[in-house]
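*Asks:* Protein sequences, first through last, are from chains A and B.
Here the numbering used here = 1-based position in the first sequence + 4.
Here the numbering used here = 1-based position in the second sequence + 33.
C-beta atoms are modelled at their ideal positions from N, C-alpha and C, and glycine is treated no differently.
Every value quoted in this text rests on a predicted model; they were computed, and no experiment measured them.
Encoded as structure tokens, here's the structure I'll be asking about.
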Amino acid sequence: GAVVSQHPSWVICKSGTSVKIECRSLDFQATTMFWYRQFPKQSLMLMATSNEGSKATYEQGVEKDKFLINHASLTLSTLTVTSAHPEDSSFYICSARAFVPGSDTQYFGPGTRLTVL
Amino acid sequence: EDKVVQSPLSLVVHEGDTVTLNCSYEVTNFRSLLWYKQEKKAPTFLFMLTSSGIEKKSGRLSSILDKKELFSILNITATQTGDSAIYLCAGGNLEETSGSRLTFGEGTQLTVNP
């Protein structure tokens with residue numbers, strides 16, 4: 005149980021284009037999904053928290069107009085990197101949390117490696 | 034600002050050794066401490082700890098939380114080469130508006146040599 009998928013797993017794009025990453029909880033309903041970014045040899049940095057049906061909450065320093073998050077259903081959240089630049093190249097990981105009172109356990113997707121040329 | 038600090042950052046051992054990974058935290062409205070194992074891709078869940086002094090165990094891995102001293106340890110006994118990974122510790126808090134969120138430490142890179 006608690007499987008989270010991400011698509012695509014790897015994407016290369018040109019500078020200035022937009023890239024959409026999908027995150028799906030396959031066998032549970034995720035009331036909350038999280039988007040993280042991880043640079044090489046660094047830990048996960050939370051970008052934003054999204055609850056189904058409401059606007060995402062962005063961490064300080066993360067541009068909400070650049071990283072568009074949509075959490076349209078209890079099993080799907082999308083992150084769109086708009087007008088991507090080489091400095092946006094990173095490993096993007098989503099996680100999902102089911103509504104279980106008192107549980108903070110997040111289950112992670114396999115990640116998407118974005119390379120912007 | 035919430036902070037989670039792990040030590041050591043890197044550890045190299047031989048198969049069969051026992052290792053202890055440390056995690057200290059300063060998390061507002063702390064509720065839980067989680068351990069994850071990250072190999073080549075995304076982290077996989079190991080433990081969630083919410084109560085002090087109660088050991089959680091899974092095979093050769095065990096973990097315990099000390100809420101008074103604000104730290105947790107992850108023990109791995111009889112290490113195997115497959116244990117080589119980055120071990121991440123995360124503190125979970127409870128926020129009124131967005132529910133809980135996790136703050137991750139830098140991770141401990143464990144390498145187990147044959």
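Out of R41/A, E56/A and I25/A, which has the shortest C-alpha to C-alpha gap to R101/A?
*Replies:* As a first step, residue 101/A must be located in the first sequence, where it is residue number 97. Cα-wise, what sits closest to R101/A is E56/A.
*Asks:* Label V8/A either buried or exposed according to how many other C-beta atoms from any shown protein chain fall within 10 Å of its C-beta, with 16 as the threshold for buried.
*Replies:* The count along the first sequence starts at 1 and reaches residue 8/A at position 4. V8/A is buried by the Cβ-count criterion.
*Asks:* Residues in the same chain with beta-carbon distance under 7 Å from F43/A, minus the five sequence neighbours each way, listed in chain order, please.
*Replies:* Along the first sequence, read from residue 1 onward, the residue named residue 43/A stands at position 39. Counting only Cβ-Cβ distances below 7 Å, and skipping sequence neighbours, we find S94.
*Asks:* Please return the same chain residues whose Cβ sits closer than 8 Å to the Cβ of S87/A, not counting the five positions on each side in sequence.
*Replies:* In the first sequence, counting from the first residue as 1, residue 87/A sits at position 83. Contacts found: G20, T21, S22 and K70.
*Asks:* Please state whether DSSP places G140/B in a helix, a strand or coil.
*Replies:* Along the second sequence, read from residue 1 onward, the residue named residue 140/B stands at position 107. Note: G140/B maps to coil in three-state DSSP.
*Asks:* Quick check for students: name the residue ranges of the beta strand (DSSP E) that lie wholly in the segment 14–76 of chain A, counting only runs of 3 or more.
*Replies:* Counting only runs of 3 or more, we get 14–17, 23–29, 34–42 and 49–55.
*Asks:* Can S47/A and G140/B be called in contact, C-beta distance under 9 Å?
*Replies:* As a position in the first sequence, residue 47/A is number 43, starting the count at 1. As a position in the second sequence, residue 140/B is number 107, starting the count at 1. Result yes, Cβ atoms of S47/A and G140/B sit closer than 9 Å.
*Asks:* Measure the CB-CB distance between Y40/A and L50/A and report whether it falls below 9 Å.
*Replies:* Counting from one through the first sequence, the residue named residue 40/A turns up at place 36. Counting from one through the first sequence, the residue named residue 50/A turns up at place 46. Cβ distance < 9 Å, so Y40/A and L50/A count as in contact.
*Asks:* Let me confirm a value: T36/A is counted as buried when at least 16 other C-beta atoms fall within 10 Å, else exposed. Which label applies?
*Replies:* Along the first sequence, one-based indexing puts residue 36/A at 32. Buried, by the Cβ-count rule.
*Asks:* Cβ atoms of C122/B and L107/B: under 9 Å apart, would you say?
*Replies:* Residue numbering aside, residue 107/B sits at position 74 when the second sequence is read from its first letter. Residue numbering aside, residue 122/B sits at position 89 when the second sequence is read from its first letter. A contact, by the Cβ cut-off of 9 Å.
*Asks:* In the DSSP assignment, find the beta strand (DSSP E) that holds T107/B and state where it starts and stops.
*Replies:* Taking the second sequence and counting its residues from 1, one reaches residue 107/B at position 74. For the sequence presented, residue 107/B should be read as Leu rather than Thr. Its beta strand (DSSP E) spans residues F104 to I109.
*Asks:* Apart from the five residues just before and just after S81/A, which ones in its own chain have a Cβ nearer than 6 Å to its Cβ?
*Replies:* By 1-based counting over the first sequence, the position of residue 81/A is 77. If we look at S81/A and ignore the five residues flanking it on each side, its Cβ neighbours are C27, M37, S54 and H75.
*Asks:* Measuring only between beta-carbons, confirm whether E102/B sits less than 9 Å from chain A.
*Replies:* For the purposes of this step, residue 102/B is taken as the residue at position 69 of the second sequence. Not closer than 9 Å to any Cβ of chain A, the Cβ of E102/B fails to qualify, so no.
*Asks:* Using DSSP with H/G/I as helix, E/B as strand and the rest coil, what is T77/B?
*Replies:* As a position in the second sequence, residue 77/B is number 44, starting the count at 1. Strand at T77/B.
*Asks:* Looking at the strands, I want to know which residues DSSP matches up with A88/A.
*Replies:* Indexing the first sequence from 1 puts residue 88/A at position 84. Paired residues: none, contrary to the question.
*Asks:* Using a Cβ-Cβ cutoff of less than 6 Å, which residues in the same chain neighbour V15/A once the five nearest sequence positions on both sides are dropped?
*Replies:* As a working note, residue 15/A is residue 11 in the first sequence. Result list for V15/A: V23 and L118, in chain order.
*Asks:* Would a check of beta-carbon distances place I73/A closer than 9 Å to chain B?
*Replies:* Along the first sequence, read from residue 1 onward, the residue named residue 73/A stands at position 69. Output row for I73/A: interface = no.
*Asks:* What in chain A is Cβ-close to S65/B, meaning under 7 Å?
*Replies:* Walking along the second sequence from the start, residue 65/B turns up at place 32. Here the neighbours are D108.
*Asks:* Counting only Cβ pairs nearer than 8 Å, list the residues of chain A close to R134/B.
*Replies:* In the second sequence, the residue the question calls residue 134/B occupies position 101. Those within 8 Å of R134/B in chain A are F38, L50 and T53.
*Asks:* Going along the segment 83–97 of chain A in order, which residues come within less than 7 Å of chain B, judged by CB to CB distance?
*Replies:* Of all residues in the segment 83–97 of chain A, I97 have a Cβ within less than 7 Å of some Cβ in chain B.
*Asks:* Once DSSP output is grouped into helix, strand and coil, what is the label at D108/A?
*Replies:* The sequence position of residue 108/A within the first sequence is 104, counting from 1. Looking at D108/A - three-state DSSP - the assignment turns out to be coil, as it is neither helix nor strand.
*Asks:* Find out if the Cβ-Cβ distance for the pair L79/B, L98/B is shorter than 9 Å.
*Replies:* Locating residue 79/B in the second sequence gives position 46, counting from the first residue. Locating residue 98/B in the second sequence gives position 65, counting from the first residue. In this structure, L98/B does not lie closer than 9 Å to L79/B by Cβ.
*Asks:* Under 9 Å, Cβ to Cβ, is there at least one residue of chain B near F112/A?
*Replies:* Locating residue 112/A in the first sequence gives position 108, counting from the first residue. It does; some Cβ of chain B falls within 9 Å.
*Asks:* Rank Y58/B, K36/B, L127/B and D116/B by C-alpha distance to the C-alpha of D50/B and give the top, closest one.
*Replies:* On the second sequence, position 17 is the one that residue 50/B refers to. It is D116/B.
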